[in-house]
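Student: Please see the structure below; I have some questions.
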């Protein structure tokens with residue numbers, strides 16, 4: 001199956017700091033997505049990227065679709081306590097959630 | 001408008017028993033997807049169903065696992081003769097069309113003892 005590597009695996013940051021995490025793959029994807037999973041909950045879509053080179057923002061979140069189509073990064077600016085959770089990247093081949101391949105996740109802890 | 005509903009939220013089974021996991025999609029959604037998440041790992045696709053049809057089961061283990069999405073009622077993921085390695089969180093997602101955004105439920109955490 002497709003292998004997506006996320007780094008870092010975990011992060012401990014102070015409230016107010018910026019965060020950066022990335023996702024790389026040996027495969028090309030048509031779409032990159034970033035999800036957040038709170039403890040005991042399902043993943044929630046944060047940002048979707050559809051074109052190589054695309055840079056998209058959603059509030060304090062910014063994500064980019066790498067030029068090679070094999071990587072993506074997510075930045076969170078001015079972190080707040082409710083940013084705590086696990087962030088997953090997902091690459092998509094074609095359309096449909098049956099073609100989603102998830103990364104291993106980055107666990108974010110924000111220290112107030 | 002309720003989201004994707006999964007039940008039970010937690011399920012404990014002894015080795016060899018059967019586990020039945022239920023998923024009610026969002027209102028108006030007829031496409032359902034099941035994923036499995038092992039501890040400290042990302043979600044892995046298992047099966048994609050549309051009402052009464054299995055569209056893609058490429059991620060389903062060949063034995064002991066089955067899924068259905070009947071004309072009426074929730075989608076069911078059934079695991080027969082559970083083993084310790086089946087312990088995981090099982091997530092269901094639904095979408096309006098096969099190409100539109102899928103929304104995830106809260107998951108069922110299965111523990112096999």
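Chains as they are written, first to last, in our numbering: chain A, 1 to 112; chain B, 1 to 113. Where a beta carbon is used, it is the ideal one built from N, C-alpha and C, also for glycine. Computed from a predicted model, the values in this text were never measured in an experiment.
In whole angstroms, give me the CA-to-CA distance for residue 95 (chain B) and residue 76 (chain B).
Tutor: 16 Å
Student: With distances taken between CB atoms, is the gap from residue 73 (chain B) to residue 91 (chain B) smaller than 9 Å?
Tutor: Contact annotation: residue 73 (chain B) and residue 91 (chain B) have beta-carbon atoms that are not nearer than 9 Å.
Student: Spell out a yes or no on whether the stretch 22-38 of chain A and the stretch 16-26 of chain B are touching, meaning 3 or more CB-CB pairs, one atom from each, closer than 8 Å.
Tutor: no
Student: Quick check on residue 4 (chain A) - is its C-beta less than 9 Å from some C-beta in chain B?
Tutor: yes
Student: Given that residue 87 (chain B) touches chain A, what residues does it touch there, using C-beta distances under 9 Å?
Tutor: For the C-beta of residue 87 (chain B), not a single chain A residue is nearer than 9 Å; the gap to the nearest is close to 16 Å.
Student: Could you name the residues of chain B that residue 105 (chain A) contacts, counting a contact when the two beta carbons are closer than 9 Å?
Tutor: 40, 41 and 42
Student: At which residues does the beta strand (DSSP E) containing residue 60 (chain B) begin and terminate?
Tutor: From DSSP, residue 60 (chain B) is part of no beta strand (DSSP E); its letter is neither H nor E.
Student: In the DSSP assignment, what are the bridge partners of residue 10 (chain B)?
Tutor: B:109
Student: Assess contact between the stretch 10-18 of chain A and the stretch 44-57 of chain A, defined as three or more Cβ pairs (one per stretch) separated by less than 8 Å. Is contact present?
Tutor: no
Student: Among residues of its own chain, excluding the 5 on either side of residue 71 (chain A), which ones have a beta-carbon nearer than 8 Å to its beta-carbon?
Tutor: 22, 23, 24 and 25
Student: For the beta strand (DSSP E) containing residue 46 (chain B), list its first residue and its last residue.
Tutor: 43-50
Student: When we look at the beta-carbon of residue 106 (chain A) and count the other beta-carbons within 10 Å, is it buried (16 or more) or exposed?
Tutor: Under this definition residue 106 (chain A) is a buried residue.
Student: Shortest alpha-carbon distance to residue 102 (chain B) belongs to which of B:13, B:8, B:32 and B:24?
Tutor: Per the Cα distances, B:32.
Student: Under 9 Å, Cβ to Cβ, is there at least one residue of chain A near residue 29 (chain B)?
Tutor: no
Student: Name, please, each residue of chain B whose Cβ falls closer than 7 Å to the Cβ of residue 45 (chain A).
Tutor: 101
Student: Among B:14, B:9, B:10 and B:42, which has the Cα closest to the Cα of residue 5 (chain A)?
Tutor: For the residues B:14, B:9, B:10 and B:42, the minimum Cα distance to residue 5 (chain A) belongs to B:42.
Student: Tell me residue 45 (chain A)'s beta-bridge partners as DSSP assigns them.
Tutor: A:35
Student: So that I know if they touch, is there some Cβ in chain A lying closer than 9 Å to that of residue 93 (chain B)?
Tutor: yes
Student: Taking DSSP as the reference, what is the three-state secondary structure of residue 53 (chain B)?
Tutor: strand
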